[in-house]
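First to last, the protein sequences are chains A and B. The first sequence begins at 3 in our numbering and counts up one residue at a time. The second sequence begins at 2 in our numbering and counts up one residue at a time. The beta carbon of each residue, even a glycine, is placed where N, CA and C say it ideally should be.
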Amino acid sequence: MRHGRRRITWKGTALVVGAVTAGCALVTYLPQDDAVDAPFIVEGEVGQPLDLTYAELTVTEVRVADVLTSPAEAAAAAGTFLVVDATWRATQGETTFSGAEVTDEQGRRFWPSSRGGCSTSASAQPGYAWRTTYCFDVPRDALEGATVRLARGDQTEEHGGQRRDAVAVVDLGITASEADALWKAAETVSPEAPGYPPASAGGSEG
Amino acid sequence: MKHARNAGPDLAFRLTRRVVTAVADDMSTTQRVGAGAVAALVAISPFGAWSEVEVQADPLTGGVPVEVGPFEVTVEKAATADELGHLVPQPGNHMLAVVADVTNTGDVPEYGVTLSSAIPAPQDAGIVPEEPGKPKLPSATIINIEDGTSISILNPGVTHRVALIWEQSGEWSGTELPLEVVELEWVEEDPLGLDDGHWFANEIAFQGEIPVKPAAPEASAGEQGASTEAEQQ
Numbered sequence: 003m004r005h006g007r008r009r010i011t012w013k014g015t016a017l018v019v020g021a022v023t024a025g026c027a028l029v030t031y032l033p034q035d036d037a038v039d040a041p042f043i044v045e046g047e048v049g050q051p052l053d054l055t056y057a058e059l060t061v062t063e064v065r066v067a068d069v070l071t072s073p074a075e076a077a078a079a080a081g082t083f084l085v086v087d088a089t090w091r092a093t094q095g096e097t098t099f100s101g102a103e104v105t106d107e108q109g110r111r112f113w114p115s116s117r118g119g120c121s122t123s124a125s126a127q128p129g130y131a132w133r134t135t136y137c138f139d140v141p142r143d144a145l146e147g148a149t150v151r152l153a154r155g156d157q158t159e160e161h162g163g164q165r166r167d168a169v170a171v172v173d174l175g176i177t178a179s180e181a182d183a184l185w186k187a188a189e190t191v192s193p194e195a196p197g198y199p200p201a202s203a204g205g206s207e208g
Numbered sequence: 002m003k004h005a006r007n008a009g010p011d012l013a014f015r016l017t018r019r020v021v022t023a024v025a026d027d028m029s030t031t032q033r034v035g036a037g038a039v040a041a042l043v044a045i046s047p048f049g050a051w052s053e054v055e056v057q058a059d060p061l062t063g064g065v066p067v068e069v070g071p072f073e074v075t076v077e078k079a080a081t082a083d084e085l086g087h088l089v090p091q092p093g094n095h096m097l098a099v100v101a102d103v104t105n106t107g108d109v110p111e112y113g114v115t116l117s118s119a120i121p122a123p124q125d126a127g128i129v130p131e132e133p134g135k136p137k138l139p140s141a142t143i144i145n146i147e148d149g150t151s152i153s154i155l156n157p158g159v160t161h162r163v164a165l166i167w168e169q170s171g172e173w174s175g176t177e178l179p180l181e182v183v184e185l186e187w188v189e190e191d192p193l194g195l196d197d198g199h200w201f202a203n204e205i206a207f208q209g210e211i212p213v214k215p216a217a218p219e220a221s222a223g224e225q226g227a228s229t230e231a232e233q234q
């Protein structure tokens, strides 16, 4: 059987070029559906347990500090440290919780500091509660209405690590009058090292 | 006698003249002027006619804030010290600290390395290279003046008083530090790499001579933090 060489025709060439051009145009000009990549936001308040499917999260306490102290060093805030205590309980497997970010009412974003014994992430075995403390150096006008965003995916690259994943956004409950009082208070906080919380806080439960 | 090696240029010249004459004969005066202008532009192209005009750096003065990328930077002073906190130089050298107030004026946090790239190690100031014998100078170590801790993140809206620190040769004996601040340009999409959305250290935007205050005689090795020397000066 003889196999003849296929001829390249103008019609075939036009079809291929047209298809490629149409594909490029679709990818370039059609708006991408943000909903496809958007994380699943779980909103809550301080003290409220939140179910993120891969973990249960509770922001247990919110404080401010001018100075953080740890056995290794003392750290002074340029603004004030917004100190957020949280308890993670992984539900599916050993999990690293990399995302921690505060957002203020102006939409400004603040990342945690590792100074003064604070954590910027946490890692927990499944079934056990794991306590950690995040510290954010923020200006005075960031306190009122601030929220903290915690997740297993990190917040760099425009929250790229949190796409299509559950994310907790917790209102820290700071009003305007409270913000003034918090700013004026000269507090020194010694963050507890990350670890299992005491039994009274549910730390020993499996 | 005509030397053989002159034949080439002569021939080329004659040919060029004939071509130009033949073309120009059919042109109007306006066309000749236009063609001449184009020829002149082509002729000067190899000599940088289209190069961007080199931007003159603005003066950098102590105590005067400058805007660079996402930062407002106010260089206050420079000082040397035998050691700064945990930073200890090789015997015979000392540490050089540039003290500055830095504010992130943007809406998102910035890395300390971005600040380091905006204020590179001063040239011709005896900064100890990254590797012995190689010209590349190290990035600054950034220390919070107040407590001596390292700063890796600068959040928006807060002003940090920092020391940018390098190890300096003990042989350098200048009294003024030639400091440069580099413009930071935001790269939304990097066609040459995968690293989209980052600050790129571009050309020198500010330069000036910052007076250097030498280490105080009473400076002791046990002092904690970079606040030490810089604040004592």
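For A/VAL61 versus A/VAL171, is the C-beta distance shorter than 8 angstroms? no
Could you compute how far the alpha carbon of B/ALA222 sits from the alpha carbon of B/THR142? Interpretation of B/ALA222 is limited by its pLDDT of 37, a score under 50 that renders its predicted location unreliable; no figure is taken from the coordinates.
Answer yes if the stretch 128-138 of chain A comes into contact with the stretch 154-164 of chain A, meaning at least three C-beta pairs across the two stretches below 8 angstroms, and no otherwise. no
For A/GLY25: DSSP bridge partner residues: According to DSSP, A/GLY25 bridges with nothing at all.
Can you list, in chain order, the residues of its chain whose CB lies under 8 angstroms from that of A/VAL48, leaving out five sequence neighbours each side? VAL61, THR62, GLU63, VAL64, VAL172, ASP173, LEU174, GLY175
Euclidean distance between Cα positions of B/GLY158 and A/VAL140: 7 angstroms
Mind checking if B/HIS199 is an interface residue toward chain A, Cβ cutoff 8 angstroms exclusive? no
Just to confirm the assignment, what range does the alpha helix (DSSP H) spanning A/ALA168 have? Element bounds for A/ALA168: not the alpha helix (DSSP H) but the beta strand (DSSP E), 168-173.
Which stretch, first to last residue, makes up the beta strand (DSSP E) that contains B/ASP102? 95-105
Taking a cut of 7 angstroms between CB atoms, which residues from the stretch 107-132 of chain B lie near chain E? No chain E is present in this structure, whose protein chains are A and B.
Please report the straight-line C-alpha distance between A/ARG142 and B/PRO71, rounded to a whole angstrom. 20 angstroms
Hey, how far is the Cα of A/GLU103 from the Cα of B/GLY86? 30 angstroms
Note down, in chain order, each residue of its chain lying with its Cβ closer than 6 angstroms to the Cβ of A/ALA188, except the 5 sequence neighbours on either side. ASP68
Cβ of A/ALA88 within 8 angstroms of any chain B Cβ: no
With DSSP as the reference, label B/GLY198 as helix, strand or coil. coil
Near B/ARG19, which residues of its chain fall below 6 angstroms by C-beta distance, leaving aside the five closest residues on each side in sequence? none
Using DSSP with H/G/I as helix, E/B as strand and the rest coil, what is B/ASP108? coil
Where B/LYS214 sits in the DSSP three-state scheme: strand
Taking all protein chains shown into account, do 16 or more other C-beta atoms lie within 10 angstroms of the C-beta of A/GLY25, making it buried, or fewer, making it exposed? exposed
Look up A/TRP185 in the DSSP assignment and say whether it is helix, strand or coil. helix
If we define contact as Cβ-Cβ less than 8 angstroms, is B/GLU77 a contact residue for chain A? no
Specify the secondary structure class of B/THR150 as computed by DSSP and reduced to three states. coil
Enumerate in chain order the residues of its own chain whose CB-to-CB distance from B/GLU190 is below 6 angstroms, with the five nearest sequence positions on each side excluded. ASP197
Excluding sequence positions up to five away, which residues of its chain have a Cβ less than 8 angstroms from the Cβ of B/LYS137? PRO130, GLU131
Please list the segments of the beta strand (DSSP E) lying wholly inside the stretch 127-164 of chain A, counting only runs of 3 or more residues, in order along the chain. 131-140, 149-153
Is B/LEU88 helix, strand or coil when you go by DSSP? strand
C-alpha gap between B/GLU210 and B/PRO121, whole angstroms: 14 angstroms
Please report the distance separating the alpha-carbon of B/MET28 from that of B/TRP187. 50 angstroms
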